[in-house]
Structures are given as C-alpha cells and as structure tokens.
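Q: Before I ask anything, here is the structure I am working with.
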Amino acid sequence: MTVVSISMPESLVDRLDEFAEEHGYTGRSEVVREGSRNLLSEFENRRLEGRDLLGVVTVVFNYETSNAEERMMQLRHEHESLVTSNVHNHVGDHYCMELFIVEGSLEDISAFVGKIRATQDTLSVDYSVLPVDDFDGVLGEAAAPAAAEDGHAHGEDDA
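Take the sequence shown: its letters are residues 1 to 159, numbered as in UniProt numbering.
Here is the structure:
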C-alpha cells in the first residue's frame with residue numbers, strides 16, 4: 001500500500017484518533033481511507049446521473065477568522081442558475097451557517113459542492129440530494145387537489 005502524507009490541524013487529528021478508538025478502527029489511516037472512499041462515492045453515484053435533483057447544502061464557518069462568507073456569495077452568483085435559494089444564519093457568537101437550496105444535475109451540484117469544500121476555513125460542509133422525479137411516485141395525484149385547496153398550487157393554472 002502506498003503511504004501518503006497529509007497536513008491537517010491538530011484538533012482534526014485528535015478527532016480522528018478519538019473516532020477511530022470509539023468505533024473500533026485500527027487507526028487514523030483506516031478512518032481516512034473509508035472517508036475518502038465515501039467522499040468519492042458521493043460524486044460517483046450513477047443512480048442520480050441524468051436526473052433532475054433537488055438538494056440542500058449546509059456550510060458552517062467562523063466569520064471572524066476567514067473570508068468564507070465572501071467566497072460563499074461569489075459561488076452563489078457563479079452558480080445562480082443552480083442556487084434557487086440561500087439563507088444566512090448567525091450561530092453562536094462567532095459562526096455563520098449558509099444554507100443553499102439547489103436544483104440541477106448531479107454534475108452541476110457536485111461541482112458546486114466541490115468548490116465549497118475547497119474553500120479555506122469552512123468548518124463543515126454537508127449536503128443531500130433527492131431526485132425530483134421521485135416525488136411523482138410519492139405524492140401521486142392526491143397531492144394536486146390538496147395543494148389547489150390551500151392556494152399553494154403550482155403549474156399552468158397559476159395566475
């Protein structure tokens with residue numbers, strides 16, 4: 001097996017070691033290998049290719065020690081056809097959370113998430129996606145009349 005050296009803050013190394021011990025891993029290398037495989041598989045999910053997706057991307061950062069907030073706004077504007085909504089929240093005394101609602105292809109969402117993950121000083125980047133066409137089977141025709149009754153209908157009849 002090839003040996004790879006990486007740099008990371010000591011606090012992250014401590015967290016890796018604690019995680020490895022708590023979950024029965026043989027060491028941090030095993031944790032990093034599994035995490036790497038999981039990250040790569042997120043972007044290689046063939047089941048979602050070619051489908052319209054709806055997603056949520058959550059980013060947490062310390063606003064006092066980084067320019068992550070500025071970078072988040074740059075990325076939002078660079079991907080304005082993908083980002084349908086964005087919410088900025090203050091968390092505690094020093095942190096911010098950006099919440100992005102995205103709609104598009106797996107390739108576009110993956111590129112957006114990849115750029116966010118590449119942003120220096122982000123503390124957490126999480127996302128989830130759902131295929132939009134799955135909603136048809138889940139909601140079926142029963143949802144349309146209920147939506148129309150509460151004034152929340154979407155489609156050609158909207159005025």
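The C-beta atom is built at its ideal place from N, Cα and C for all residues, glycine as well.
Since this is a predicted model, take the numbers as computed values, not measurements.
Could you check which residue in VAL13, SER85 and ILE116 has the C-alpha nearest to that of GLU69?
A: ILE116
Q: Would you kindly work out how many angstroms separate the C-alpha atoms of MET72 and VAL83, rounded to a whole number?
A: 11 Å
Q: Here's the rule: buried if 16 or more other CB atoms are within 10 angstroms of the residue's CB, otherwise exposed. What is VAL4?
A: exposed
Q: Tell me which residue opens and which closes the beta strand (DSSP E) that GLU103 is part of.
A: Looking at the DSSP string, the run of the beta strand (DSSP E) that includes GLU103 is 95 to 104.
Q: Identify the continuous beta strand (DSSP E) that holds ASP126 and give its terminal residues.
A: 122 to 131
Q: Keeping to the same chain, check which residues put their C-beta closer than 7 Å to that of GLU49; ignore five residues upstream and five downstream.
A: LEU106
Q: Taking buried to mean at least 16 other C-beta atoms within 10 Å of its own C-beta, is SER85 buried or exposed?
A: exposed
Q: Name the DSSP beta bridge partners of PHE61, please?
A: CYS96 and THR122
Q: Does the stretch 92 to 112 touch the stretch 28 to 40, meaning 3 or more C-beta pairs lie closer than 8 Å?
A: no
Q: Where does residue 170 land, buried or exposed, given buried means 16+ other C-beta within 10 angstroms?
A: A query on residue 170 cannot be resolved here, the shown segment of the chain reaching from 1 to 159 and no further.
Q: Looking only at its own chain, which residues have a Cβ that is under 7 Å from the Cβ of ALA146, when we skip the five neighbours before and after it?
A: Since pLDDT at ALA146 reaches only 46, below the 50 mark, its modelled position is unreliable, and the value read off the structure follows with that caveat. Cβ neighbours of ALA146 beyond the five flanking positions: none.
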